[in-house]
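Sequential numbering of the sequence shown, starting at 365, is according to our numbering. From the three backbone atoms N, C-alpha and C, an ideal C-beta is built for every residue, glycine too.
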Amino acid sequence: MFRYDKGQIEITDIEIGVFKMMLTFIYTMRLNELDANNWLDILEAADKYNIIGLVKKCADFPIEKLPSVFVALEKALLLNIEALHWADEQCRQKGIECSAKNHREMIGPALSNIRFPLIPKRDFTKSIVSTGVLTTEEVISIYQHYSHPNLSDAPGLFALKFPTHRRYKNGEIINMEIEKVSEFAREKVKSHRFSDAVDIGGMPWKIMVEIRTEYNKNEKLLGFFLYNDGPKKAYGYDFISFAELLDPSKGFYDKEEDKVKLAIDVIVDEPKTEKFISDPNKSNGTLSMEIEELSEFAREINKSERRSETAEYIRGMPWKIWAQIEGSNEKMLGFYLLCDASEKYGNWKRKCSATLRIVSQKSDVRDFKKELDEQKFSNYTLYHGSYYCISFAELMDPSKGLYNKDEDKVTLAIDFACE
365 MFRYDKGQIE ITDIEIGVFK MMLTFIYTMR LNELDANNWL DILEAADKYN IIGLVKKCAD
425 FPIEKLPSVF VALEKALLLN IEALHWADEQ CRQKGIECSA KNHREMIGPA LSNIRFPLIP
485 KRDFTKSIVS TGVLTTEEVI SIYQHYSHPN LSDAPGLFAL KFPTHRRYKN GEIINMEIEK
545 VSEFAREKVK SHRFSDAVDI GGMPWKIMVE IRTEYNKNEK LLGFFLYNDG PKKAYGYDFI
605 SFAELLDPSK GFYDKEEDKV KLAIDVIVDE PKTEKFISDP NKSNGTLSME IEELSEFARE
665 INKSERRSET AEYIRGMPWK IWAQIEGSNE KMLGFYLLCD ASEKYGNWKR KCSATLRIVS
725 QKSDVRDFKK ELDEQKFSNY TLYHGSYYCI SFAELMDPSK GLYNKDEDKV TLAIDFACE
């Protein structure tokens, strides 16, 4: 840095405007003139001079702008107006009329690869139908998809000929750190942990680790699995013994921080049908969670909790069921819809309506329901629900039909939609 006894100091690597804004922040903690044209320069200056508060301020600046940027980008890609502009140019180069018929001829077989059904209906009507590039039958098939998306594959006069699946990345690395691994190694067999979910191929994937043991042996092993919330949830191995994993000579274990790092390189095939793809931007969905060993959970202390292991992505956000013990005198089940969003999502807001259900275990008994009407979720309010949904005494009453006594469990579900 600079010596105080060297007289006048000339700073040549930062523009004067940026330096003045940096000084303003240091003395007033205000940054009123930060905008898209200067935030990166200010960020570089703040990082160079180690002004942590200013670094964070600059780093947070673009986050709230990202949703609108990505929406605009997705819409531009989906509308495929560029294909029509290209067809216009081809017609002009060939000296022919820029008509719908000639547009279609210029685009050729590529037309069938355009994802028209994913364009919002209003934009499709305004920007695509009016061009006349699609036949009447094709237009009807797309409107039919808007009304009845599950019937799009049905054969017939108005069978849909355009793809309906979104583009997804098909490869990614999933990383996970097991912290306090020496404590984890002492937990009981079948104890497990999960990494954060990574969206690959339109589905959420995780690393799952579980304490295992070989048959008729007492040595504990680390089970290491690739996990997905599907019919066959996990694939992996009894990977390594904890004795070997924690052996300093092996070089896998960070003894000072008491942790190990795991990684899986994942490559997935493209799903064969749309039914295998879970669209993270869909507007509605259903969550479910089983609370096993319910009788033990009911005896735990106030505020003990359970969360669904796998998140369902709705409107681009991860959602889970959250159950918690409430009440001081009589223990109650608190039942909530939780947005499990981390700080990386920045500032966000969603409005959701939901039906909270305790699923009946008997065919002649209806589900126990609580309704949530238009609740506002945000990075400040992550959950809404029923604080005192039902007492454990009532929940576990065999006559109510909600408790599976043989398996000592209940099933919770939430049907919800987000704007």
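How is residue i classed by DSSP in three states: helix, strand or coil?
i      : result
Tyr744 : coil
Val624 : strand
Pro527 : coil
Asn477 : helix
Val729 : coil
Phe522 : coil
Arg679 : coil
Arg784 : No answer is possible for residue 784: the residues shown for the chain start at 365 and end at 783.
Ile506 : helix
Trp569 : strand
Asp512 : Contrary to the premise, residue 512 reads as His rather than Asp in this sequence. Reduced to three states, the DSSP call for His512 is coil.
Asn666 : coil
Arg456 : helix
Asn466 : helix
Trp712 : coil
Leu437 : In this predicted model, Leu437 has a pLDDT of only 45, less than 50, meaning its place in the structure is not dependable; the value taken from the coordinates is given anyway. Correct three-state label for Leu437: helix.
Met385 : helix
Lys769 : coil
Leu407 : helix
Ala607 : helix
Val553 : coil
To the nearest angstrom, how far is the alpha carbon of residue i from that of residue j?
i      : j      : result
Arg670 : Ala687 : 5 Å
Ile754 : Ile722 : 10 Å
Asp728 : Gly765 : 9 Å
Lys667 : Ile689 : 5 Å
Tyr767 : Cys782 : 30 Å
Ile778 : Ile538 : 28 Å
Lys439 : Leu387 : Unreliable placement is indicated for Lys439, whose pLDDT of 46 sits below 50; the coordinate value is still reported in the next sentence. Roughly 41 Å between the two C-alpha positions.
Glu536 : Thr577 : 30 Å
Thr499 : Pro568 : 38 Å
Asp737 : Ile390 : 45 Å
Ala718 : Ile655 : 20 Å
Asp361 : Met393 : The structure shown does not extend to residue 361, since the chain is modelled only from 365 through 783, so no value can be given for it.
Glu657 : Met540 : 28 Å
Met470 : Asp563 : 36 Å
Ile483 : Ser763 : 50 Å
Ile685 : Lys490 : 40 Å
Asn743 : Leu720 : 22 Å
Lys695 : Lys734 : 18 Å
Gly459 : Tyr507 : 34 Å
Trp403 : Ala705 : 26 Å
Lys625 : Asn401 : 39 Å
Gly417 : Leu407 : 10 Å
Ala617 : Tyr591 : At residue 617 the sequence reads Tyr, which differs from the Ala that was named. Cα to Cα, the separation comes out at about 23 Å.
Asp770 : Gly649 : 30 Å
Just tell me which of the options has its CA closest to the CA of residue i.
i      : options                        : result
Thr775 : Pro612, Ser672, Ala474         : Ser672
Pro481 : Asp779, Gly472, Gln454, Phe526 : Phe526
Arg550 : Phe558, Asn534, Asn768, Ser605 : Ser605
Gln739 : Leu702, Leu759, Met760, Asp761 : Leu702
Ile665 : Val553, Asn693, Gly417, Gln454 : Asn693
Gly600 : Tyr617, Ala627, Gly496         : Ala627
Phe699 : Tyr751, Phe741, Ala705, Leu736 : Tyr751
Ser647 : Met653, Lys625, Glu657, Glu676 : Glu676
Phe780 : Leu651, Asn396, Arg456, Leu475 : Leu651
Met760 : Ala474, Gln725, Asp399, Tyr507 : Gln725
Leu585 : Asn592, Val553, Ala561         : Val553
Pro426 : Asp770, Lys581, Gly710, Arg456 : Gly710
Glu758 : Glu583, Leu697, Arg479         : Leu697
Asp560 : Glu501, Glu707, Ile375         : Glu707
Would you kindly check if the distance between the Cβ of residue j and the Cβ of residue i is under 8 Å?
i      : j      : result
Ile542 : Phe522 : no
Met572 : Phe589 : yes
Leu524 : His512 : no
Ile380 : Ala409 : no
Asp405 : Val382 : yes
Ile631 : Asn534 : yes
Lys544 : Phe558 : no
Phe603 : Gly615 : no
Asp487 : Ser659 : no
Ala662 : Phe732 : no
Lys420 : Leu395 : no
Val497 : Ala464 : yes
Asp622 : Ser555 : no
Is the closest heavy atom of the ligand ATP to the C-beta of residue i under 7 Å?
i      : result
His556 : Absent from the structure shown: the ligand ATP. Ligands present: none.
Count the C-beta pairs between the stretch 598-615 and the stretch 711-721 that are closer than 8 Å, then say yes if the count reaches three, no if not. Contact between the stretch 598-615 and the stretch 711-721 is absent, because fewer than three Cβ pairs lie under 8 Å.
### Message
Closer than 8 Å is the cut-off here; do at least three beta carbon pairs connect the stretch 746-753 with the stretch 675-683?
### Response
A contact between stretches requires three or more CB pairs, one per stretch, nearer than 8 Å, and the stretch 746-753 fails this requirement with the stretch 675-683.
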